[in-house]
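J.:
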Amino acid sequence: MHWLSAASLTLLSLKGALAFHQGLQSIPDRFEKFCKPISGDIILEQFQLYPENSDFSLTTCLLYFTAVWNATVVVYDPYAGKTVDIIEFPGYSHNPTYHTSGIQVDQRTNLLSISLNVFAPFANNGTDVSGTNQLVEYDTIKKEIVSYTNLTETTQGKFGGYQDVDNDPEGNIYMLGTYGANILRTSADCNTTEVFYLREPALTTIPGYGGCVSNGWDLIVNDVLQSKILKFDMRQEKGVPVEIPHTPNVTWGYSDAIMLPSKYLNTVLLIAIDLEGIVVLRSKDASWDSAEYLGLIPNPISTAWTVAAVQIGQSIYLQPMEVGDVNRPNPGPLNQTAFPLIDITEQLEGLLGA
């Protein structure tokens, strides 16, 4: 682990950008070589799945869903149409205090990063952020948990709401917090965790960031309330937010996870808007110094939130989630057994061609 100086950043920027884009261009090839094409809506048959977030492995060709209410990870084979494994976390899974949210496959190492966190901040809008939040690393090849990292030892319970996660090119892990707006950085070996960014004043009752995605050494995040996207240079010792202006300057509702489909070489950003659908932004050179707003792909399921988008093969899916029973004193799952993924590839292509 190392954070580069300003001089080093200048010297390496061109070389790093070239290497990054060369590596990025190989990702669509990996989809085609190792994972079969797939298209059309998918019905996930899994009791109490309630998927909060997901990612797809280019090595295993499997989908990994965080089953929010059960605090587990469901491993799903979209080609066979069945669950092949359920990853449980002893002491946390099936405990209403905890849930799973953010999840990310590091395609270089095949390690799965999972946010295993306290549910309370999401239930009380940040008035109580106490409790133990964990970053879990899971080896998708060996099918075993590698490590737990107690994030609360770093935050001292002063802020939380960890609902998304991503990696930098060296494998360091960035955990995104909503209450208040913060980003934690954990070293690739999971031995150290530090506060990379904390918005001041640290008001936990004002929702901050909802989703994050890496673009080379830039971490792109979305402000859930302000219709803004920001980027942070992950090579810096401490994060400094830089706003990415979008035109036209359209506003949208409360936002959730974000993603950069590798199919489009990181030129397209998809933002899940809870009560609307998927907002589509574009940066033609993938620099994300600025962006075009291209439009909204609506969620066709009126009873479900839009929580994420995911790429499977060369197809892009909207991930809706029925919210479960949020009105009980201890919220939790109902008895739903079928959960759809909506193929939005054609609609997305239409916006990109407009």
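In case it helps, our numbering puts the sequence shown at residues 215 to 568.
For every residue, glycine included, the Cβ atom is placed at its ideal position computed from N, Cα and C.
All of these numbers come straight from a predicted model, not from anything done at the bench.
Rounding to the nearest angstrom, what Cα-Cα distance links S504 and V494 in this structure?
T.: One-based indexing of the sequence shown puts residue 504 at position 290. One-based indexing of the sequence shown puts residue 494 at position 280. Using only the alpha carbons, I get a separation of about 13 Å.
J.: Among residues of its own chain, excluding the 5 on either side of S529, which ones have a beta-carbon nearer than 7 Å to its beta-carbon?
T.: Looking up residue 529 in the sequence shown gives position 315. For S529, where only same-chain residues beyond five positions count, the Cβ hits under 7 Å are I252, S253, D557, T559.
J.: Kindly indicate which three-state DSSP category F553 falls into: helix, strand or coil?
T.: As a working mapping, residue 553 is identified with position 339 in the sequence shown. Reduced to three states, the DSSP call for F553 is strand.
J.: Give the straight-line distance between the Cα atoms of Y478 and S271, rounded to the nearest whole angstrom.
T.: As a position in the sequence shown, residue 478 is number 264, starting the count at 1. As a position in the sequence shown, residue 271 is number 57, starting the count at 1. Using only the alpha carbons, I get a separation of about 17 Å.
J.: Are three or more beta carbon pairs between the stretch 458-465 and the stretch 424-432 nearer than 8 Å?
T.: Touching, no, given that fewer than three Cβ pairs across the two stretches are closer than 8 Å.
J.: Mind the definition here: the stretch 364-378 touches the stretch 321-337 only if three or more C-beta pairs lie below 8 Å; say whether that holds.
T.: Enough Cβ pairs lie closer than 8 Å, so yes.
J.: Going by DSSP, what residue range makes up the alpha helix (DSSP H) through P534?
T.: Stepping through the sequence shown from its first residue, residue 534 is reached at position 320. Taken as a continuous stretch (DSSP letters only), P534 belongs to no alpha helix (DSSP H), being part of the beta strand (DSSP E) at 529-535.
J.: At the level of alpha carbons, what is the spacing between A294 and G385?
T.: Translated into positions along the sequence shown, residue 294 becomes position 80. Translated into positions along the sequence shown, residue 385 becomes position 171. Approximately 31 Å between the Cα atoms of the pair.
J.: Pick out the complete beta strand (DSSP E) segments inside the stretch 443-504, 3 residues or longer, and give them in chain order.
T.: Listed in chain order, they are 456-458, 469-473, 482-487, 491-496.
J.: Less than 6 Å between C-beta atoms, sequence neighbours within five positions excluded: which residues of the same chain meet that for A518?
T.: Here residue 518 is taken as the residue at index 304 of the sequence shown, counted from 1. P534, M535, E536, listed in sequence order.
J.: Taking contact to mean 3 or more Cβ pairs, one atom from each stretch, closer than 8 Å, check whether the stretch 440-449 and the stretch 354-371 are in contact.
T.: Touching, no, given that fewer than three Cβ pairs across the two stretches are closer than 8 Å.
J.: Restricting to Cα atoms, I'd like to know which of N549, T407, M473 is closest to F261.
T.: What you label residue 261 is simply residue 47 of the sequence shown in a count that begins at 1. Nearest C-alpha to F261: N549.
J.: Tell me V319's beta-bridge partners as DSSP assigns them.
T.: Here the question's residue 319 lines up with position 105 in the sequence shown. Beta-bridge pairing links V319 to L326.
J.: Measuring alpha carbon to alpha carbon, tell me which of G394, D380, A395 ends up nearest Y388.
T.: The count along the sequence shown starts at 1 and reaches residue 388 at position 174. Among G394, D380, A395, the Cα nearest to that of Y388 belongs to D380.
J.: Return the first residue and the last residue of the beta strand (DSSP E) that G567 is part of.
T.: In the sequence shown, counting from the first residue as 1, residue 567 sits at position 353. No beta strand (DSSP E) holds G567; the alpha helix (DSSP H) holding it covers 559-567.
J.: Determine the closest residue to V319 out of S344, T407, P335, T274, with distance taken between C-alpha atoms.
T.: The count along the sequence shown starts at 1 and reaches residue 319 at position 105. Minimum Cα distance to V319 is reached at T274.
J.: Going by DSSP, name the residue or residues bridged to P265.
T.: Within the sequence shown, numbered from 1, the residue matching residue 265 stands at position 51. A281.
J.: Go ahead and pull the three-state DSSP assignment for T286.
T.: Taking the sequence shown and counting its residues from 1, the one referred to as residue 286 is at position 72. Three-state DSSP puts T286 in a strand.
J.: DSSP on P335, reduced to helix/strand/coil?
T.: In the sequence shown, counting from the first residue as 1, residue 335 sits at position 121. Of the three classes helix, strand and coil, the one that applies to P335 here is helix, per DSSP.
J.: By DSSP, does F248 sit in helix, in strand, or in coil?
T.: To locate residue 248, count along the sequence shown from 1; it is residue 34. Looking at F248 - three-state DSSP - the assignment turns out to be helix.
J.: Between the C-alpha atoms of I526 and D499, what's the straight-line distance to the nearest angstrom?
T.: Locating residue 526 in the sequence shown gives position 312, counting from the first residue. Locating residue 499 in the sequence shown gives position 285, counting from the first residue. For I526 and D499, the distance between alpha carbons rounds to 23 Å.
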